[in-house]
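>
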Amino acid sequence: MTRLFRIIGRCLLPSLLISGGLMAQPLFTQHEEDQPKDYLTAYFHAGRRQALRESMPANSVAVIFAYPTRTFSNDVSYIYHQNPDLYYFSGYKEPHALLLVFSKQQEDSAGNRFDEVLFVQKKNAQMEQWTGKRLGVEGVKSKLGFTTVYNGEDFPKLGIDFSKFDKILMDPFPIDIPDSKWDKADLYELVQYFKTKTGAPDDLSKDKRFDTKTYRKLTAQLREIKTPEELDLLRKAVEISCQGQNEVMKAVHPDMSELEIQGLHEFVHKKYGAEHVGYGSIIGAGENGCILHYETNTKTRVGNDIILMDVGAEYHGYTADVTRTIPAGGKFSEEQRAVYQLVYDAQEAAFKTLKHGSKWADAEMAARKVITEGLVKLGVAKDENEANKYYPHGLGHHIGLDVHDRGTYDKLKKNMVITIEPGIYIPEGSNCDKKWWSIAVRIEDDLLITEKGYELLSHFAPRKIEDIERLIRENSALDDFRLPPLESGKKKGF
Ligand code: GLY
Ligand code: MN
Ligand code: MN
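For the sequence shown, position 292 matches number 296 in the numbering used here, and the numbering has no gaps at all.
#1: Which class does Asn78 belong to by DSSP, given the choice of helix, strand or coil?
#2: Using only CA atoms, which one of Lys456, Asp259, Gly248, Val407 lies nearest to Lys275?
#3: Note down, in chain order, each residue of its chain lying with its Cβ closer than 6 Å to the Cβ of Glu368, except the 5 sequence neighbours on either side.
#4: Could you tell me whether any non-hydrogen atom of ligand 3 is closer than 8 Å to the CB of Thr423?
#5: Tell me, please, which residues DSSP counts as bridged to Ser59.
#6: Which whole-angstrom value describes the C-beta separation of Glu120 and Thr152, a residue pair presumed to lie in contact below a C-beta threshold of 8 Å?
#7: Can you find a heavy atom of ligand 3 that lies under 8 Å from the Cβ of Gly2?
#8: I need the DSSP call for Lys217, collapsed to helix, strand or coil.
#9: State the start and end residues of the unbroken alpha helix (DSSP H) segment that holds Val195.
#10: Please check if any C-beta of chain B sits within less than 9 Å of the C-beta of Asp38.
#11: Rounded to whole angstroms, what's the CA-CA distance from Asp449 to Ala317? Just pull it up for me.
#12: If distances are taken between C-alpha atoms only, which option among Gln86, Asn301, Leu379, Glu228 comes closest to Ala419?
#13: Check whether the Cβ atoms of Ser480 and Cys294 sit closer than 9 Å, and answer yes or no.
#14: In angstroms with no decimal places, state the Cα-to-Cα distance between Phe375 and Arg239.
#15: Taking Cβ to Cβ, would you say Thr323 is nearer than 9 Å to Asp406?
#16: Let me check understanding here. Comparing Cα to Cα, which of Gln340, Ala66, Ser261 lies closest to Arg305?
#17: With respect to the alpha helix (DSSP H) encompassing Ser245, which residues constitute its N-terminal and C-terminal limits?
#18: Let me check understanding here. Comparing Cα to Cα, which of Tyr394, Lys210, Gly334 lies closest to Ser434?
#19: Could you pull the start and end residues of the alpha helix (DSSP H) that Met313 belongs to?
#20: Taking the alpha helix (DSSP H) that Phe159 falls in, what are its first and last residues?
#21: What are the boundary residues of the alpha helix (DSSP H) that Ile265 is part of?
#22: Beta-carbon within less than 6 Å of Arg410's beta-carbon, same chain only, minus the 5 sequence neighbours each way: which residues are those?
#23: So, does the segment 267-274 touch the segment 446-465, judging by three or more C-beta pairs under 8 Å?
#24: Could you check if Asp327 is buried or exposed, using at least 16 other CB atoms within 10 Å of its CB as the buried criterion?
#25: Cutting at 8 Å between CB atoms, please list the residues of its own chain near Thr6, excluding the five before and the five after it.
#26: Can you find at least 3 beta carbon pairs, one from the segment 332-341 and one from the segment 414-428, that sit closer than 8 Å?
#27: Measure the C-alpha to C-alpha separation of Tyr344 and Arg57 and round it to an integer number of angstroms.
#28: Given a cut-off of 9 Å on the beta-carbon distance, is the pair Lys201 and Phe166 in contact?
#29: By the DSSP assignment, the alpha helix (DSSP H) with Val347 in it spans what residues?
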């Protein structure tokens with residue numbers, strides 16, 4: 005932001021001063037009719053706050069700070085991503101905010117009653133020209149349906165007496181909060197004031213009044229069960245991600261780079277209106293697939309490797325998490341096929357255990373058994389203990405506003421949405437025949453738990469070997485998409 009303020013300092017402020025500060029400020033309007041129509045409603049967020057309130061212990065307050073902004077490079081911030089809890093309970097997407105939800109009605113000195121209050125960043129026409137429109141207090145009232153809303157700078161003035169609550173439910177403080185010298189009511193100040201007012205230690209576990217465990221439990225219990233509105237968005241995110249996988253399967257060939265494949269996925273996501281990816285896209289060809297969260301995607305030619313593609317579209321805040329592993333040349337080799345089939349069978353074994361009331365551990369054990377016994381049978385591992393090394397992660401997790409979404413991870417319940425994602429990774433140098441080296445397979449699907457079983461939300465992208473190979477044989481609209489060679493690379497041969 006430094007350059008921004010230098011420019012404001014040198015150019016805009018003088019003109020304001022010259023005009024005595026009366027210069028009309030332009031309105032930076034975002035026209036509603038140009039915007040998506042299927043965001044979560046104010047009614048949804050209000051319902052979530054009410055559900056939280058009803059589950060809170062007597063005489064308590066829940067404290068939810070926005071996530072900090074983060075520097076990407078000089079004068080440039082990372083695209084802002086709201087704290088999913090704050091978004092879930094408010095719909096507010098801007099930084100520098102604080103939500104308080106009270107277990108029972110409060111009354112201010114003027115006799116106004118309220119059981120929740122949202123502090124937001126103040127409207128500022130100059131800043132809005134640079135970084136986009138802010139809702140401000142009035143916008144939050146009219147669009148998000150809150151009645152008690154203040155600018156952050158009013159937090160101290162409101163004089164909330166936190167000492168009267170038996171419990172303050174909250175997450176640990178956000179870390180590394182930048183302190184803008186230009187904004188005296190940014191997140192840094194909100195947190196500082198809260199600390200001063202409550203005497204909260206940096207490490208909240210040192211003071212019994214602050215209860216992070218109950219906060220986590222209550223928010224997990226709410227967020228792990230998806231409402232119909234959330235399911236609509238998740239279904240869409242998952243279907244979009246599958247269409248990304250399908251388009252890549254049709255277009256893939258050995259001359260492509262990992263980055264190009266990433267671009268195809270993300271282009272399809274955006275074409276369908278998904279704003280972000282829910283995590284860095286993982287496109288790992290051959291050995292790179294053995295790095296579980298490989299995100300650099302810099303291999304310039306995928307060749308005839310199998311490519312592990314773990315990519316999730318984030319649609320209106322809700323992210324999918326779908327992995328397909330495909331042969332770039334169109335056909336799995338014998339060894340790749342054998343490993344792939346084991347992962348597929350493990351996934352199927354896990355699927356069979358899923359239903360309302362079943363345990364995560366049942367699915368975990370079913371999948372692991374197939375993989376470890378199978379790897380021993382193939383001769384990749386000499387015993388099941390060694391085989392475990394080739395499957396070094398858990399079976400799955402909830403998805404939602406976080407890719408690894410909040411959950412209690414005990415029993416499965418209907419309307420949870422989870423991933424089932426067994427994998428086998430055999431890096432170079434492994435203690436087995438070389439023919440197995442650099443084979444990495446993960447198959448990851450997203451499932452809705454139902455009363456009697458599950459619904460495979462990610463059925464749109466093929467999982468079976470023959471279905472994948474068939475789709476790769478199909479033509480792609482991109483087959484004829486050619487860009488001219490770059491002049492700038494010619495001399496040096498790249
Ligand atoms: N994409 C991260 C994971 O599968 O958990
Ligand atoms: Mn996952
Ligand atoms: Mn994944």
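Glycine included, C-beta positions come from ideal geometry on N, C-alpha and C. The model shown is predicted, which means the values in this text are computed figures rather than measured ones.
From the atom records:
#1: Counted from its first residue, the sequence shown places residue 78 at position 74. Coil at Asn78, not helix or strand.
#2: Numbered from its first residue, the sequence shown carries residue 275 at position 271. That would be Gly248, whose Cα lies nearest to the Cα of Lys275.
#3: Looking up residue 368 in the sequence shown gives position 364. Here the set comprises Leu399.
#4: What you label residue 423 is simply residue 419 of the sequence shown in a count that begins at 1. In this structure, the C-beta of Thr423 approaches ligand 3 to less than 8 Å from one of its heavy atoms.
#5: For the purposes of this step, residue 59 is identified with residue 55 of the sequence shown, where counting begins at 1. Looking at the DSSP assignment, Ser59 forms no beta bridge with any residue, so it has no partner.
#6: In the sequence shown, residue 120 corresponds to position 116, counting from 1. In the sequence shown, residue 152 corresponds to position 148, counting from 1. Indeed they touch by this definition, with Cβ atoms about 6 Å apart.
#7: The question about residue 2 has no answer, for the chain in this structure spans 5 to 498.
#8: In the sequence shown, the residue the question calls residue 217 occupies position 213. Lys217 falls in the helix class under three-state DSSP.
#9: Against the sequence shown, residue 195 aligns to sequence position 191. Run containing Val195: 191-202, per the alpha helix (DSSP H) assignment.
#10: Although the question refers to chain B, the structure presented lacks it and comprises just one protein chain.
#11: By one-based count along the sequence shown, residue 449 stands at place 445. By one-based count along the sequence shown, residue 317 stands at place 313. So the two alpha carbons sit approximately 13 Å from each other.
#12: Along the sequence shown, one-based indexing puts residue 419 at 415. The question names Ala, but residue 419 is Asn in the sequence shown. Measuring from the Cα of Asn419, the nearest candidate turns out to be Glu228.
#13: Translated into the one-based positions of the sequence shown, residue 480 becomes position 476. Translated into the one-based positions of the sequence shown, residue 294 becomes position 290. Cβ atoms of Ser480 and Cys294: not closer than 9 Å.
#14: Counting from one through the sequence shown, the residue named residue 375 turns up at place 371. Counting from one through the sequence shown, the residue named residue 239 turns up at place 235. The displayed chain sequence assigns Ile, not Phe, to residue 375. Going from the Cα of Ile375 to the Cα of Arg239 covers about 29 Å.
#15: Within the sequence shown, numbered from 1, the residue matching residue 323 stands at position 319. Within the sequence shown, numbered from 1, the residue matching residue 406 stands at position 402. Yes, the pair counts as a contact, with Cβ atoms nearer than the cut-off.
#16: Within the sequence shown, the letter at position 301 stands for residue 305. Selected option, being the one with the closest Cα: Ser261.
#17: Position 241 of the sequence shown, counted from the first residue, corresponds to residue 245. That run of the alpha helix (DSSP H) goes 232-255.
#18: The residue given as residue 434 occupies position 430 in the sequence shown. Of the listed residues, the one whose Cα sits closest to Ser434 is Tyr394.
#19: For the purposes of this step, residue 313 is taken as residue 309 along the sequence shown, with counting starting at 1. First-last for Met313: 310-315, but that is the beta strand (DSSP E), not the alpha helix (DSSP H).
#20: Numbered from its first residue, the sequence shown carries residue 159 at position 155. Counting along the chain, the alpha helix (DSSP H) containing Phe159 begins and ends at 159-162.
#21: Counted from its first residue, the sequence shown places residue 265 at position 261. It spans 262-275 - the alpha helix (DSSP H) in which Ile265 sits, taken as one unbroken run.
#22: Taking the first residue of the sequence shown as 1, we reach residue 410 at position 406. If the five residues before and after Arg410 are omitted, its C-beta is found closer than 6 Å to the C-beta atoms of Thr223, Ala224, Arg227, all from its own chain and listed in chain order.
#23: no
#24: On the sequence shown, residue 327 is found 323 positions in, with the first residue counted as 1. The sequence shown places Thr at residue 327, not Asp. The residue is buried, with at least 16 neighbouring Cβ atoms inside 10 Å.
#25: The residue given as residue 6 occupies position 2 in the sequence shown. With a pLDDT of only 37 at Thr6, under 50, the local geometry of the prediction cannot be trusted, and no value is derived from it.
#26: Result no; under three Cβ-Cβ pairs closer than 8 Å.
#27: If you number the sequence shown from 1, residue 344 lands on position 340. If you number the sequence shown from 1, residue 57 lands on position 53. For Tyr344 and Arg57, the distance between alpha carbons rounds to 47 Å.
#28: Counting from one through the sequence shown, the residue named residue 201 turns up at place 197. Counting from one through the sequence shown, the residue named residue 166 turns up at place 162. In contact: Lys201 and Phe166 (Cβ atoms closer than 9 Å).
#29: Your numbering for residue 347 matches position 343 in the sequence shown. Element bounds for Val347: 338-357.
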